[in-house]
Structure formats: C-alpha cells, structure tokens
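Engineer: For the sequence shown, the residue numbers in this note's numbering are 108 to 295.
A single structure is presented below for examination.
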Amino acid sequence: MDGRASEVVGQGEPTMSLLELQYWPAEVLRIVASPVTEFDAALQTTLEDMAETMYVERGIGLAAPQVGISKRMIVIDTPIADEESSQLEALINPEIIESSGELIWEEGCLSFPGLTVDITRKETIRVRFQDHKGAWHEMDAAGLKAVCIQHELDHLNGINFIDHVSPLKRKLLLRELKKNLTELGVET
Ligand SMILES: [Zn+2]
C-alpha cells in the first residue's frame with residue numbers, strides 16, 4: 108500500500124526499480140490523489156520506475172495510485188499500429204478539457220488481473236497536463252489512447268473500471284477477481 112520498491116538487478120544492466128502493484132481493494136485505489144507540486148529529480152525517477160513497472164506487467168497505462176503513490180500522474184504507451192510506433196508518455200496533473208463522441212471498449216486493468224469489462228467512453232478527448240519539468244501542454248487523443256487516458260485518469264479520482272457497471276455485474280466481477288488473485292497467490 109505504500110509503494111515499497113523492490114530492487115531487480117539484471118546481468119550487468121543498470122539497476123531498475125519495480126514498484127509494487129496494488130490490487131483491488133487496496134485503499135489507495137479508492138481515494139482521490141493529490142496534485143503533483145514538486146517537479147524534481149525524484150519525480151523523474153518515480154516516472155521511470157512507473158514506466159518500467161508498466162512494461163514488465165505488460166500494461167499500456169499505469170496510474171500512480173496503482174503502485175501505492177497517491178499523486179496525480181500517469182504513464183501511457185498505447186501502440187498505434189505496431190510495436191515500433193509505441194511511445195511512452197507521462198502526464199502529470201492531467202485533466203480532460205474537451206471531449207466528444209462515444210465508443211465502447213473492452214478494458215482490462217493491472218489492478219484487476221484477468222478481468223475485462225465493456226465500458227462506454229468518450230471517443231475523442233483533449234487533455235491538459237504538465238510534463239516532468241512542470242510545463243503545461245495540451246494533447247488530442249482518440250480511440251484506444253483516449254480510452255486509456257480516461258481509464259487512468261479515473262484512477263486519480265479513486266474510480267475503478269468496475270464502478271462503471273451495474274451492481275450485479277460488479278458483484279460477479281469481484282467474485283471472479285477474488286478467484287484470480289488467489290490463483291496468483293495474492294492475499295485479499
Ligand atoms: Zn486500471
């Protein structure tokens with residue numbers, strides 16, 4: 108819950124720190140995260156560790172609360188057409204300032220292993236965010252990238268993808284999750 112880092116040392120590779128993934132129902136996943144105010148070297152290191160953790164877990168997006176850090180920042184890398192076109196992006200204090208259209212996407216979440224849920228999201232969004240140095244930017248996103256940003260931004264507000272479905276469906280999904288976590292050896 109406190110994002111304890113575990114060191115993974117490769118063969119002659121630089122040391123990288125993987126952060127501990129938080130699974131539902133960790134409290135940090137259910138609270139509103141605080142804005143990032145310090146744009147220092149420690150922030151850069153945390154973002155790099157978040158990216159490493161996301162890649163190791165084979166995710167396309169990761170929000171800081173998912174690694175026990177209750178701060179408003181996310182990393183994403185949504186492949187557009189193939190592996191080469193992928194691009195890592197870090198969005199700090201992100202907010203959606205415009206959106207249009209709707210689409211339904213089958214989403215998964217690293218904090219809910221094995222679950223997929225069809226969720227209605229905005230099709231295109233414009234997001235305002237800060238980079239690791241604190242400069243503000245605006246970016247347009249559509250399709251998978253827009254879905255991913257909306258999913259990760261929900262995490263910053265303590266909202267999880269199961270909150271978008273009916274109470275009955277949610278109950279069934281959480282039962283399935285409990286089984287999946289037990290199979291993974293995660294205590295719930
Ligand atoms: Zn998620």
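We put the beta carbon where it would ideally sit given N, CA and C, even for glycine.
Would you mind stating whether serine 207 and leucine 136 have Cβ atoms separated by less than 8 Å?
Structural biologist: In the sequence shown, counting from the first residue as 1, residue 207 sits at position 100. In the sequence shown, counting from the first residue as 1, residue 136 sits at position 29. Contact flag unset, no.
Engineer: Decide if the region 246-259 is in contact with the region 278-286; the criterion is three or more beta carbon pairs, one per stretch, under 8 Å apart.
Structural biologist: Output reads no: the region 278-286 does not touch the region 246-259.
Engineer: Mapping the DSSP letters down to three states, classify arginine 277 as helix, strand or coil.
Structural biologist: Within the sequence shown, numbered from 1, the residue matching residue 277 stands at position 170. Note: arginine 277 maps to helix in three-state DSSP.
Engineer: Helix or strand or just coil, what does DSSP make of valine 116?
Structural biologist: In the sequence shown, the residue the question calls residue 116 occupies position 9. Because the pLDDT at valine 116 is just 42, under 50, the model does not fix this residue reliably, and the value given afterwards should be weighed accordingly. Residue state, collapsed to three classes: coil.
Engineer: Can you determine whether any heavy atom of ligand 1 sits closer than 7 Å to the C-beta of cysteine 50, and answer yes or no?
Structural biologist: Shown here, the chain extends from 108 to 295; a query on residue 50 therefore has no answer.
Engineer: Hey, quick one: how far does the beta strand (DSSP E) through glutamate 230 stretch, first residue to last?
Structural biologist: As a working note, residue 230 is residue 123 in the sequence shown. Looking at the DSSP string, the run of the beta strand (DSSP E) that includes glutamate 230 is 223-237.
Engineer: Taking 8 Å as the cut-off, decide whether the C-beta atoms of aspartate 156 and serine 177 are in contact.
Structural biologist: Here residue 156 corresponds to residue number 49 of the sequence shown, with the count starting at 1. Here residue 177 corresponds to residue number 70 of the sequence shown, with the count starting at 1. No.
Engineer: Determine the contact status of histidine 239 and alanine 170, defining contact as a CB-CB distance below 8 Å.
Structural biologist: By 1-based counting over the sequence shown, the position of residue 239 is 132. By 1-based counting over the sequence shown, the position of residue 170 is 63. For histidine 239 and alanine 170, no; Cβs fall outside 8 Å.
Engineer: Start and end of the alpha helix (DSSP H) containing alanine 158?
Structural biologist: For this step, residue 158 is matched to residue 51 along the sequence shown. Taken as a continuous stretch (DSSP letters only), the alpha helix (DSSP H) holding alanine 158 covers 148-163.
Engineer: What's the call for lysine 286, buried or exposed, on a 16-neighbour Cβ count within 10 Å?
Structural biologist: The count along the sequence shown starts at 1 and reaches residue 286 at position 179. When all chains shown are included, lysine 286 counts as exposed.
Engineer: Use the C-beta contact count for histidine 262: other C-beta atoms within 10 angstroms, 16 or more gives buried, fewer gives exposed.
Structural biologist: On the sequence shown, position 155 is the one that residue 262 refers to. Result: buried.
Engineer: Under a three-way DSSP split, which group does proline 220 fall into?
Structural biologist: Looking up residue 220 in the sequence shown gives position 113. Coil, per DSSP.
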